[in-house]
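Engineer: Note that this note's numbering has the sequence shown beginning at 1, numbered continuously upward.
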Amino acid sequence: MIDLKRIPSMDEILIQEEIKQLISRYNRDFVVDTARTAVAEIRAALRIGSTDIDTGSILTAIIGQIMIKIENSNSGTLQRVINGTGVVLHTNLGRAPLGAQAIRHIQEIGKSYNNLEMDLDRGERGSRYYHVEAVLKRITGAEAALVVNNNAAAVMLGLTTLAAGKEVIVSRGQLVEIGGAFRIPEVMKLSGARLVEVGTTNKTYVSDFSGAINDETALLFSAHTSNYQIVGFTAQVSTKELVGLGRDKDIPVFLDLGSGILTSLAHGGLKGEPTVQECVEAGADVITFSGDKMLGGPQAGIIVGKRQYIDRMKKNQLLRALRVDKLILAGLEGTLLEYLAGHPEENIPIIQMLTASREEIEKKAEKLVSILEKEMSDIDYSKTPHSANSGRSSTSLIEFKKINLEDMVGGGAYPIHKLPGAGMEIDFKGLSLEKAAAELRLQNPALVARRQDNKMLISVRTLLPGDEKEIAVMIRKLLQGSTGV
Ligand SMILES: *Cc1c(COP(=O)(O)O)cnc(C)c1O
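1) Is residue 474 helix, strand or coil when you go by DSSP?
2) Can you name the start and end residues of the beta strand (DSSP E) that residue 452 belongs to?
3) Assuming residue 73 is part of the alpha helix (DSSP H), what are its boundary residues?
4) What residue from 472, 328, 265 and 275 has the CA that sits closest to residue 297's CA?
5) Only counting the same chain, and skipping five residues up and downstream in sequence, which positions put a Cβ closer than 6 Å to that of residue 375?
6) Taking the alpha-carbon of residue 317 as reference, which of 363, 157 and 42 has the nearest alpha-carbon?
7) Tell me the rounded alpha-carbon separation between residue 283 and residue 240.
8) Who pairs with residue 171 in a beta bridge, going by DSSP?
9) Taking a contact to mean a Cβ-Cβ separation below 9 Å, would you say residue 354 touches residue 419 in this structure?
10) Measure how close the beta-carbons of residue 87 and residue 456 come, nearest whole angstrom, since I'm counting them as under 8 Å.
11) Would residue 400 and residue 448 be called neighbours here (beta carbons separated by less than 9 Å)?
12) Within the present structure, is the beta-carbon of residue 261 separated from the nearest heavy atom of ligand 1 by less than 8 Å?
13) Are there 16 or more other CB atoms within 10 angstroms of the CB of residue 233, so buried, or fewer, so exposed?
14) Under 7 Å Cβ to Cβ from residue 154, same chain only, skipping five residues before and after it: list those, please.
15) Got a sec? Which residues, its chain only, sit under 6 Å from residue 213 by beta carbon, not counting five neighbours each side?
16) Beta strand (DSSP E) containing residue 458: first to last residue?
17) Once you ignore the five residues that flank residue 26 on each side, which residues in its own chain have a CB closer than 7 Å to its CB?
18) Where does residue 29 fall in DSSP's three states?
19) What's the gap between the Cα of residue 336 and the Cα of residue 286?
20) On the DSSP bridge assignment, give the partners of residue 302 in chain order.
21) Would you tell me roughly how many angstroms separate the C-alpha atoms of residue 229 and residue 222, rounded to the nearest one?
22) Give the DSSP-derived three-state secondary structure of residue 408 in the structure shown.
Okay, structure coming up:
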């Protein structure tokens, strides 16, 4: 039992060379506070006997703790994750990784002054909403465009501007909830518009809409059923029918598209969802979609449509609260320029993942397996580990092989579509899958993968260049840590 009195005093800790160095690099109060926390934790651990530090090393243990704490708090909590799930747009993993041009543009604009709100032609104050509007108009064919924080904000701004105090007609089959926080009925309420539900869950006809129109009707609204699909005996009103009715009655049609596809993904096997261009062409008056879903850019809410409606939104005070940042505009502009340049399937990571051919995916899976084999070539991982005290009866440390699996689009698009994928299946043998998965998650970068039948599955579709090598190093490190090979 250690005498608690032998815990060194704060003065003694602060004169240690390592701590003096920390004080020269960081704020002194921060280092002292961290030292106090470290001492309190070690004292508590000694008191309940949950640690086996010997007296001689208390000081060393405290110094080590202080250094770890400072390093951790100095590296932040947001970190890189390798996505081995095969879910291309994973909201928990930050949705779309950005392409090179978006990153370059963010870097350039972020580190310098810029013309965010200056009209350089006239040398006068300009508008941040001017940027990317022209390129959005060119890509989508719409009369006007506006960018806000996210699609939830876009829907909110649109409804408040065009329908506060009035009625909005929506099909019962489209009262969606997205990601647990965005619910059409609630957003409607917040916007001040009154929701008028028509039709039934599985069937809604254009006559249901026309029957509900009265003097109070401000909008005909359609939300994309991004994360579910109603199958069986169904009927939904098409955009064309809705636009026809809206024109007849002089009521604008509002489409919350959610994902916002800007290029055909048919050669990746993804069909059936309309592109933004098709919705504009069909005559929808206001269309909203996310910047970080199928578009492949940063988080943003994009509104395109008829100028008269978008002009009204630009004048709404609420826009000030939803305004988009310069870094986002830079990332979005960089991404949109890739669409204009015409090769999104090469230069926008998520479009590349979604349109990858069967052969590319197969090759990537073979590469992952062979890189891991190479990384482990000096470890006899397929034989009994020679550590005598391991006490395990398994004959190998790990077994891995290439397999076929199914990937998902995610992020509110093609909710029931499975993409034929490939990857690596790992059986950790002696190590529990829970423990292996947790250890890989706790490294930096972290690896997040799937599991099935007590094995780990790493899908290669969502791996970015260089991830294969890192995964191999991580797995080696995991085995070394757990077995000492
Ligand atoms: C994803 C989605 C939203 C929310 O968009 P965010 O950009 O996440 O705010 C709203 N409506 C639909 C139909 C969606 O799919």
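Here a beta-carbon is modelled for each residue, glycine too, at the ideal position from N, C-alpha and C.
These numbers were taken from a predicted model, which means no experiment stands behind them.
Structural biologist: Reading it off the structure:
1) Reading the sequence shown from its first residue, position 474 is the one you call residue 474. Here residue 474 sits in helix by DSSP.
2) The sequence position of residue 452 within the sequence shown is 452, counting from 1. Where residue 452 is concerned, the enclosing beta strand (DSSP E) stretches over 450-452.
3) In the sequence shown, counting from the first residue as 1, residue 73 sits at position 73. Counted as a single uninterrupted DSSP element, the alpha helix (DSSP H) harbouring residue 73 occupies residues 58-74.
4) Locating residue 297 in the sequence shown gives position 297, counting from the first residue. Here the closest residue by C-alpha is 328.
5) As a working mapping, residue 375 is identified with position 375 in the sequence shown. Same-chain partners within the cutoff: 472 and 476.
6) Within the sequence shown, residue 317 is the residue found at index 317, counting from 1. Nearest option by C-alpha distance: 157.
7) Walking along the sequence shown from the start, residue 283 turns up at place 283. Walking along the sequence shown from the start, residue 240 turns up at place 240. When rounded, the separation of the alpha-carbon atoms in residue 283 and residue 240 is 8 Å.
8) Here residue 171 refers to the residue found at position 171 of the sequence shown. Paired residue(s): 198.
9) Residue numbering aside, residue 354 sits at position 354 when the sequence shown is read from its first letter. Residue numbering aside, residue 419 sits at position 419 when the sequence shown is read from its first letter. For residue 354 and residue 419, yes; Cβs fall inside 9 Å.
10) As a position in the sequence shown, residue 87 is number 87, starting the count at 1. As a position in the sequence shown, residue 456 is number 456, starting the count at 1. At roughly 15 Å, the Cβ-Cβ gap does not stay under 8 Å, so residue 87 and residue 456 are not in contact.
11) As a position in the sequence shown, residue 400 is number 400, starting the count at 1. As a position in the sequence shown, residue 448 is number 448, starting the count at 1. For the 9 Å CB-CB criterion, residue 400 and residue 448 do not form a contact.
12) For this step, residue 261 is matched to residue 261 along the sequence shown. Look at residue 261: its beta carbon is at least 8 Å from all of the heavy atoms in ligand 1.
13) Counting from 1 along the sequence shown, the entry for residue 233 is found at position 233. Residue burial is scored here from C-beta neighbours: residue 233 has fewer than 16 other C-beta atoms within 10 angstroms and is therefore classed as exposed.
14) To locate residue 154, count along the sequence shown from 1; it is residue 154. Closer than 7 Å at Cβ, skipping near neighbours: 148, 288, 301, 302 and 303.
15) Residue mapping note: residue 213 aligns to position 213 of the sequence shown, counting from 1. Taken in chain order, the residues that qualify are 249.
16) Taking the sequence shown and counting its residues from 1, one reaches residue 458 at position 458. Its beta strand (DSSP E) spans residues 455-459.
17) Your numbering for residue 26 matches position 26 in the sequence shown. Closer than 7 Å at Cβ, skipping near neighbours: 70.
18) Counted from its first residue, the sequence shown places residue 29 at position 29. Residue 29: helix per DSSP, three-state reduction.
19) The residue you call residue 336 lines up with position 336 of the sequence shown. The residue you call residue 286 lines up with position 286 of the sequence shown. In a straight line, the C-alpha of residue 336 is about 20 Å away from that of residue 286.
20) The sequence position of residue 302 within the sequence shown is 302, counting from 1. According to DSSP, residue 302 bridges with 147 and 289.
21) Within the sequence shown, residue 229 is the residue found at index 229, counting from 1. Within the sequence shown, residue 222 is the residue found at index 222, counting from 1. Those two C-alpha atoms are separated by around 15 Å.
22) Along the sequence shown, read from residue 1 onward, the residue named residue 408 stands at position 408. For residue 408, the secondary structure class from DSSP, reduced to helix, strand or coil, is strand.
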